Amino acid sequence: MEWFSHTWSVEKPRAAMVLIHGTGEHHGRYQHVADELNRFGVEVVTGDLPGWGRSAGRKGHIDSFSQYLDAAGAWVETALQKAGQKYPVFVFGHSMGGLVAVRLIERFAERKRLAGLILTSPCLQLKVPVPQWKARLAVWLDKSWPTLRMASGITPEMVTRDPEVQKAYITDPWQYPKVSVRWYQELHRAMGEAWEERGSLLLPTLVLQAGDDLLVDADAVERFAADLPEEAVFRRFPGMRHELLNEPEREDVLCCIVEWMKQHGLEM
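Going by this note's numbering, the sequence shown opens with residue 5, and the numbers climb by one from there.
Okay, structure coming up:
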């Protein structure tokens, strides 16, 4: 499957970040993040995951979670090849993109070539448990009608308190509000595998979690971070919603990310 790739370049990179977006969205929603990182000499390598944004594939659908890992892995290889030994490469993932990043690093044989992993509100456990009857129905539909798409249930108010971002969320032509039955099943499989294989997440990790997250279980994310085998910094932002980098306090979050990157190889 083809996917759309994009790089926000700088003339003389001091570091690179591979950025992996979340459910329903696309890389373009991170233009403001890339602009700020570029200001510090950080090149941003990214794109749209299969089935989202400008990438090919049925919208909101995947046959396997490995399709996401293939796309993100290609972006990581692009960043590593360009960086060589000259500057560090970080991986960043938000929400479902955080889950993609975790699974990628758990499986990436050469993970030590990377300088660190940064996660914001990673999708490691959903906030609202799924009723058993819905879970059973999803298993049946996964076999009989895996491409059936339903509304994700994510609203602008769930992701941010910023009214301007909420408006843009509604009018964004690349934003897609549905997910397939197979997507849902693959998400849950990937979350389970992320927990089972967290012992292989051998990379310095920064986990920033929204305190008022209506989509992801913040307590579960904190437990995940506390149980990682290497250095992991966890910080919860009280009162903030799911998309930390789209909240009114986004500058504080970006500052936290840049400062951590400085401690792990970003030279100013």
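Glycine included, C-beta positions come from ideal geometry on N, C-alpha and C. Please read all numbers here as calculations on a predicted model, not as lab measurements.
Own chain, CB closer than 7 Å to residue i, minus 5 neighbours either side, in chain order
i: Ser184; result: Gly64, His65, Pro150, Thr151, Leu152 and Arg153
i: Gln189; result: Ala142 and Asp146
i: Pro252; result: Arg165 and Asp166
i: Pro242; result: Gly215
i: Leu41; result: Met21 and Val48
Cβ-based neighbour list, residue i, same chain, cut-off 8 Å, excluding 5 preceding and 5 following
i: Val93; result: Ala19, Ala20, Met21, Val22, Val80, Ala83, Leu84, Ala87, Arg117, Leu118 and Ala119
i: Lys275; result: The chain is shown only over 5 to 272; residue 275 falls outside these bounds and no answer can be derived.
i: Ala78; result: Trp7 and Ser9
i: Leu103; result: Gly97, Pro126, Cys127, Leu128, Leu191, Ala194, Met195 and Ala198
Supposed contact pair residue j and residue i - C-beta distance, whole angstroms, cut 8 Å
i: Phe8; j: Gly57; result: 6 Å
i: Lys131; j: Asp216; result: 10 Å between Cβ atoms; not a contact.
i: Thr164; j: Glu29; result: Not a contact, Cβ separation roughly 12 Å.
i: Arg107; j: Leu73; result: 6 Å
i: Leu258; j: Val37; result: 7 Å
i: Leu205; j: Ile122; result: 13 Å between Cβ atoms; not a contact.
Other residues of its chain near residue i: CB distance less than 6 Å, five sequence neighbours each side excluded
i: Val46; result: Ala19 and Met21
i: Trp178; result: His30 and Gly57
i: Glu226; result: Phe238
i: Ser59; result: Trp7, Phe8 and Asp52
Closest Cα partner of residue i within the set the options
i: Val14; options: Asp39, Ile109, Asp166 and Leu205; result: Asp39
i: Met162; options: Leu219, Phe69 and Arg254; result: Leu219
i: Gln170; options: Asn250, Arg107, Arg62 and Gln89; result: Asn250
i: Gly157; options: Val134, Pro181 and Ala139; result: Pro181
i: Ala194; options: Pro135, Glu234, Leu212 and Asp67; result: Asp67
i: Ala75; options: Ala60, Gly61 and Pro54; result: Pro54
i: Ala105; options: Val37, Leu41 and Ile24; result: Ile24
i: Thr124; options: Leu270, Gly269, Tyr34 and Asp176; result: Tyr34
i: Gly61; options: Tyr173, Arg111, Arg140 and Trp187; result: Trp187
i: Ser70; options: Arg111, Glu234 and Ala172; result: Arg111
With 16 other Cβ atoms within 10 Å as the buried cut-off, status of residue i
i: His10; result: buried
i: Asp256; result: exposed
i: Trp137; result: exposed
i: Met272; result: exposed
i: Thr50; result: buried
i: Arg245; result: buried
i: Trp4; result: What the structure shows of the chain is the stretch from 5 to 272, and residue 4 is not part of that stretch, so it cannot be assessed.
i: Ala222; result: buried
i: Gln89; result: exposed
i: Gln267; result: exposed
Whether residue i touches residue j by CB criterion (8 Å)
i: Leu128; j: Ala230; result: no
i: Trp4; j: Leu210; result: Residue numbering for the chain in the displayed model covers 5 to 272; residue 4 lies beyond these limits and cannot be assessed.
i: Cys260; j: Arg239; result: yes
i: Arg202; j: Leu232; result: yes
i: Met100; j: Gly32; result: no
Near the ligand MG: residue i beta-carbon under 7 Å from a heavy atom
i: Val14; result: Here there are no bound small molecules, and the ligand MG is not part of this structure.
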